[in-house]
Amino acid sequence: MDLEDLQTFVEVADAGGVSPAARRLGVSKSIVSRRLIRVESELGVQLLARTTRGAALTEAGVTFREHAARVCAEIDVARETILPAGDLRGRLRIAAPLSFGPTHLAPVLADLASRHPLLHVHACYSDRFVDIVGEGFDCAVRVGYLSDSNLIARRVGPIHGRLVASPAYIREHGAPETPEGLVSHQALLQGTETWRFIDGDRTIAVHPQGRFKADNGTALAAAAVAGLGIAALPDFLTEKDLASGSLVPVMPQYPLPEAGLFVVRPPGQHPTRKIRALTELLIEHFG
Numbered sequence: 000m001d002l003e004d005l006q007t008f009v010e011v012a013d014a015g016g017v018s019p020a021a022r023r024l025g026v027s028k029s030i031v032s033r034r035l036i037r038v039e040s041e042l043g044v045q046l047l048a049r050t051t052r053g054a055a056l057t058e059a060g061v062t063f064r065e066h067a068a069r070v071c072a073e074i075d076v077a078r079e080t081i082l083p084a085g086d087l088r089g090r091l092r093i094a095a096p097l098s099f100g101p102t103h104l105a106p107v108l109a110d111l112a113s114r115h116p117l118l119h120v121h122a123c124y125s126d127r128f129v130d131i132v133g134e135g136f137d138c139a140v141r142v143g144y145l146s147d148s149n150l151i152a153r154r155v156g157p158i159h160g161r162l163v164a165s166p167a168y169i170r171e172h173g174a175p176e177t178p179e180g181l182v183s184h185q186a187l188l189q190g191t192e193t194w195r196f197i198d199g200d201r202t203i204a205v206h207p208q209g210r211f212k213a214d215n216g217t218a219l220a221a222a223a224v225a226g227l228g229i230a231a232l233p234d235f236l237t238e239k240d241l242a243s244g245s246l247v248p249v250m251p252q253y254p255l256p257e258a259g260l261f262v263v264r265p266p267g268q269h270p271t272r273k274i275r276a277l278t279e280l281l282i283e284h285f286g
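Numbering-wise (numbering that gives the first Met the number 0), the sequence shown opens with residue 0 and increments by one.
The structure is reproduced here in structure tokens:
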């Protein structure tokens, strides 16, 4: 079975259709369709059910996709193992946060592509939680505090944050003096998160409440500027508004714990050279 056909099937399965897969691969839809036909003919089973919305995996397709993705990954590792000093080749698919990626990560990825002209760099920017294994990403760049998982994470830099609010909100509602005082204020939230604060050698956890929620940090910063409440945000989202006076720090005597910038990858023995190159470049920029 042709490896390129196999990789195309995995791409279609992960993208959910021929058209998005063709865009990712940079080829025509007709080429993708021909490759899929060859794979199904070779196996003698239908792997994809074409629908008006794209393509859905059949039961056989779900099983085969897992093995096909593993084979493709192993081939990439094998190529790197026998050609350790060669140019980086192939494709590097990266999931990155929308609030951080286009402004801070995009220049680093452009630098990576410039240094390695044979490498195809594909970035997907979204603030939703991406299943990097299920969706076929090589790695993800994540900001914040990592939850426990079976993924392998490498910290590449610090992320500092603080509580902020608009001067108008403070004039109308006052400013909390302690973390416990936040319960009487409107918090701007991404979900049902817990806010933690440093008080000497102990950490105080608070469960804030609020009527305004968004899954994007930039949107929460805009809501804070509009006077809707108090937000806990990384400095890279608030530094301009703090400098202009549109936002002011809240409760600076209780700082937020330092967060981190991480490269997260699926479990395996060793990171590929592509991921190592990205990690080293991120450390160079943010470490």
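Built from N, CA and C at the ideal position, the CB exists for glycine as well. Because the structure is a prediction, the values reported are computed rather than measured.
For A20, the CB contacts under 6 Å within the same chain, skipping 5 residues up- and downstream, are E10, V11, A14 and V31 in chain order. Q45 and E58 have their C-alpha atoms spaced approximately 9 Å apart.
DSSP places G156 in the strand class (E or B) of the three-state scheme. Bridge partners of L118 according to DSSP: G89.
Of the residues assessed, S165 falls on the buried side of the cut-off, its CB having 16 or more other CB atoms within 10 angstroms. When rounded, the separation of the alpha-carbon atoms in S245 and S18 is 44 Å. Counting along the chain, R210 sits inside no alpha helix (DSSP H), nor does DSSP assign it H or E at all. Of N215, D240 and F235, the smallest CA-CA separation from G226 is found for D240. With fewer than 16 other CB atoms across the displayed protein chains lying within 10 angstroms of its CB, T191 is exposed. Where A223 is concerned, there is no enclosing beta strand (DSSP E), although the alpha helix (DSSP H) around it starts and stops at G216 to V224. By the C-beta density criterion, L117 is exposed, having fewer than 16 other C-beta atoms within 10 angstroms.
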